[in-house]
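First the structure, in the form of structure tokens, and then the observations on it.
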Amino acid sequence: MLRRRLRLRWDRDPTPETTAASPPVGGVPGPDDDHAMMAAARTGDLAAFNALVERHQRVVFAVCYRLLGDTASAEDAAQDTFVRAWQSAGGWQGGLVRPWLLRIATNRCYDVLRSRARRPTGSLDAAPVEVEPRWSSQVETEDAEGHAARAELSARLERALATLPFDQRAAIVLVDIQGVSYEEASQIMGAAIGTVKSRISRGRARLRDDLRGDGAAWEHFTRHTRLPATDETGRAASGPGDEGV
0 MLRRRLRLRW DRDPTPETTA ASPPVGGVPG PDDDHAMMAA ARTGDLAAFN
50 ALVERHQRVV FAVCYRLLGD TASAEDAAQD TFVRAWQSAG GWQGGLVRPW
100 LLRIATNRCY DVLRSRARRP TGSLDAAPVE VEPRWSSQVE TEDAEGHAAR
150 AELSARLERA LATLPFDQRA AIVLVDIQGV SYEEASQIMG AAIGTVKSRI
200 SRGRARLRDD LRGDGAAWEH FTRHTRLPAT DETGRAASGP GDEGV
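Everything in the sequence shown is counted per numbering that gives the first Met the number 0, starting at 0 for the first residue and increasing by one.
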């Protein structure tokens, strides 16, 4: 069975610092390696494809987790992503591999959420937060009270993110949390760069509205994601209680 032949090892701490960029394989980082391995995979070389899996599985899992909200669903979606990538390797047109994989992953997550919406139970809002998000993984040592406060803050942020429409959530996960470029996010989402920026702007505004009055949560979110200090117009990004969007 193909799933058993893929070398999948999920990391339960999908922090953007370690997932935003592909790690080097064979000591030579960069898209050229991806292209060589993908070209080999197209000929049926499973070992080459497994090398791609090892390089990209952390970021794929991290994106799936941010979009779905629980570990089990994220693992299934990430595994489905690589199975589908292997099955459709012949249709790869030679572009960058990571956006191609993340587009498959994002589409798979959308299908999962659409399926959930048809069920009477199992909504994203009710999904348990099992993987420690980036904004809760920055403090190396703290007392029990501090840990509890941080866990509560992290859960608050996860709930706020989960309320966003899928297109806005995906854009923020990709750009603000995972740190991909607007150009790459455009490829992943199949949308113009201007559309991606608009989705991010609307998503940030909704997050600010949701966190209005909770300055600590907003500050924690902006500090530990790649949310810029200024918006697209060059103005300081506003937070809860600030004027404007």
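Note that the Cβ used here is the ideal one computed from N, Cα and C, for glycine as well. All values reported here derive from a predicted model rather than from experimental measurement.
- Rounded to whole angstroms, the Cβ separation of Ala71 and Met37 is 29 Å, and the two are not in contact under 8 Å.
- Remark: C-beta atoms of Ile176 and Ile199 do not approach each other more closely than 7 Å.
- In the three-state reduction of the DSSP assignment, Trp91 falls in the coil class, being assigned neither a helical nor a strand state.
- Residue environment for Ala40: buried (at least 16 other C-beta atoms within 10 angstroms of its C-beta).
- C-alpha of Gln186 to C-alpha of Gly90: approximately 16 Å in a straight line.
- CA-to-CA, the gap between Arg207 and Asp166 works out to about 17 Å.
- Apart from sequence neighbours up to five positions away, the residues of its chain that approach Thr80 with a beta-carbon distance below 8 Å are Val59, Cys63, Leu100, Ile103, Ala104 and Arg107, ordered along the chain.
- Residue range Leu45 to Leu67 is occupied by the alpha helix (DSSP H) that includes Gln56.
- The beta-carbon distance between His34 and Arg97, rounded to whole angstroms, is 12 Å. This is too long to meet the 8 Å contact definition.
- Non-local C-beta neighbours of Ala84 in its own chain, meaning closer than 7 Å and more than five positions away in sequence, comprise Leu100 and Ile103, ordered along the chain.
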